[in-house]
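The sequence shown begins at 4 in our numbering and counts up by one. For glycine and all other residues, C-beta sits at the position ideal for the given N, C-alpha and C.
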Amino acid sequence: MDRHVWKPFLQRWSEEWHIANPDEEPDGDPWLGCAPATEDEIRALESRLGCVLPPSFREFLLVTNGWRHAGNFVWSLRGTEEIGWLADLEPMWADAYADWDEEDTEPAAARSLLISLEADAGVVYLDPGDVDERGEWAAYDVFSWTAMGPDRHGSFYEKMYDFYAGFHALDRPRCDTQREWDAKVEDARLASLRGEVEHPLAVLAEAARFGRDRASFLIFQMRTLLREAEDDDPFHRLLTRGDTQSWVLDEDLFAAQVLPLLFAAHQRARRFGSGSTVQYLWDRGPQQVKHLLGRYQARQNEPGFRLCFGNPEFDAAAHAALDAGDEAWPRLRDALVHWRPLHEDHLAPIALLADPRAARLITPERGRELLAMRRG
């Protein structure tokens with residue numbers, strides 16, 4: 004990534020940061036960077052370090068010799084005069100993560116270049132011992148309060164892009180980037196209904212990374228059929244966060260398609276004595292969600308309760324398929340022609356997976372087969 008690409012990217016980031024933080028420096032220059040470093044300054048730094056800087060970081064310095072608000076927890080990056088080896092400038096951090104990668108004879112933290120200046124109990128560094136074919140060094144950040152190890156990205160640019168996405172996910176500025184992602188989410192939704200799989204998955208995953216809550220729910224449905232959804236899925240985090248800002252899940256869709264899955268997972272968790280999303284929502288969820296949980300639980304306890312898989316035509320065909328023994332799978336697959344979305348955010352009949360018979364029947368491969376069919 005050269006300076007001619009860095010400049011507009013960083014300019015947009017600066018403007019969006021000020022949209023999200025209008026009370027900070029309201030009359031100041033929106034640029035979050037500094038004056039560019041000169042070639043002489045960079046050559047002096049490389050001479051002092053005894054190495055050539057990785058391309059994306061070198062080009063970055065030629066646009067801005069330092070940076071503010073690199074992430075919600077990284078308040079500033081160092082300029083050429085302040086950059087140095089982590090072991091020299093912050094030996095505590097180098098020692099703390101010396102044994103993180105047991106397969107590496109020389110720990111990454113001990114040999115890495117410290118590029119963050121101020122952060123929330125954390126550091127950002129580049130590893131000269133982990134270099135790709137472009138000459139890019141792997142980039143890491145690590146924060147002591149996460150109780151996790153260093154987070155690796157393939158280059159300084161990839162790390163900065165991750166910080167940028169994280170800024171959007173947390174601060175959610177109302178800006179062109181947000182609107183562009185919302186348009187891409189809608190295109191991905193329609194593509195998924197046409198039977199495309201990989202492209203919508205990629206788009207929705209990236210949109211969820213930028214905090215687009217609708218994308219989190221749409222990709223959750225696809226991953227559910229692919230048998231990939233876990234409790235750390237962005238949609239589960241969205242449910243338990245309880246502070247959605249840009250999108251609200253339709254209550255009827257939530258009750259019809261999501262609650263059966265959550266209660267099925269809750270029953271499994273109880274058998275193993277572990278926690279569940281349902282338990283979390285009972286304990287800490289908003290009153291509105293607790294009301295929906297109580298209403299669904301009351302329905303479950305009614306005599307003759309039966310799971311509803313979706314619109315009446317599909318529900319009847321799916322139940323008949325699951326009762327068909329050896330013919331269950333081909334009949335269930337054929338039943339999809341009757342499926343209709345219950346809401347514009349409904350991508351697939353995920354309530355099927357709340358039924359143990361369907362859960363055994365729908366393997367990841369078969370789930371992909373269902374997603375590859377034109378739906379609705």
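Item                                                                                                                   : Value
Assigned exposure category for L193 - 16 Cβ within 10 Å defines buried                                                 : exposed
Own chain partners of A124 with C-beta closer than 7 angstroms, once the 5 adjacent residues on each side are dropped  : F146, S147 and W148
Cβ of K10 within 9 angstroms of any chain B Cβ                                                                         : The structure shown has no chain B; it contains just one protein chain.
Straight-line Cα distance separating V200 from L116                                                                    : 40 angstroms
Cβ-based neighbour list, A338, same chain, cut-off 8 angstroms, excluding 5 preceding and 5 following                  : F317, A320, A321, A323 and A324
Sequence-distant residues of the same chain with beta carbon closer than 6 angstroms to R212, five excluded per side   : A168
8 angstroms contact criterion, which W285 and N314 should meet: CB distance rounded                                    : Not quite, the Cβ-Cβ distance comes to about 29 angstroms (not below 8 angstroms), so this is no contact.
Among A112, N75, Y100 and H7, the one whose alpha carbon lies nearest that of E62                                      : H7
Spatial neighbours of C54 in its chain, beta-carbon cut-off 8 angstroms, leaving aside the 5 residues before and after : P131
Cβ neighbour criterion (16 or more within 10 Å) applied to V340                                                        : exposed
Cβ pair count under 8 angstroms reaching 3, the segment 220-231 against the segment 363-372                            : yes
Residue range of the unbroken beta strand (DSSP E) whose run includes F146                                             : W140 to F146
L374 versus D255: straight-line alpha-carbon distance, rounded                                                         : 23 angstroms
Where A191 falls, given that 16 or more other Cβ within 10 Å makes a residue buried                                    : buried
Y128, enclosing alpha helix (DSSP H) - first and last residue                                                          : Element bounds for Y128: not the alpha helix (DSSP H) but the beta strand (DSSP E), G125 to V134.
Three-way DSSP call (helix, strand, coil) for A73 in this model                                                        : strand
Distance, L129 Cα to T67 Cα                                                                                            : 18 angstroms
Distance between beta carbons of S59 and F159, contact taken as under 8 angstroms                                      : 5 angstroms
DSSP-derived helix/strand/coil call for S50                                                                            : helix
Beta-carbon gap between V1 and R217 smaller than 9 angstroms                                                           : Only positions 4 to 379 of the chain appear in this structure, which leaves residue 1 out of reach.
Under 9 angstroms between C-beta atoms of W78 and E121                                                                 : yes
Residue(s) in a DSSP beta bridge with L117                                                                             : G87 and Y128
DSSP state of G36 mapped onto helix, strand, coil                                                                      : strand
7 angstroms Cβ shell around F220 - same chain, five flanking residues per side excluded                                : F238, L252 and D348
6 angstroms CB neighbourhood of A327 in its chain, flanking five on each side removed                                  : R334
C-beta atoms of D174 and A23 nearer than 9 angstroms                                                                   : yes
DSSP three-state assignment for R343, whether helix, strand or coil                                                    : coil
8 angstroms CB neighbourhood of L241 in its chain, flanking five on each side removed                                  : D216, S219, F220 and T247
Integer Cβ distance of D80 from I45, believed to fall under 8 angstroms                                                : Rather than Asp, the amino acid found at residue 80 in this sequence is Leu. Actually they do not touch by this definition, with Cβ atoms about 15 angstroms apart.
Endpoints, beta strand (DSSP E) assigned at R155                                                                       : D154 to H156
A38 versus A362 - alpha carbon distance                                                                                : 58 angstroms
Test item: CB-CB of T83 and A112 under 9 angstroms                                                                     : no
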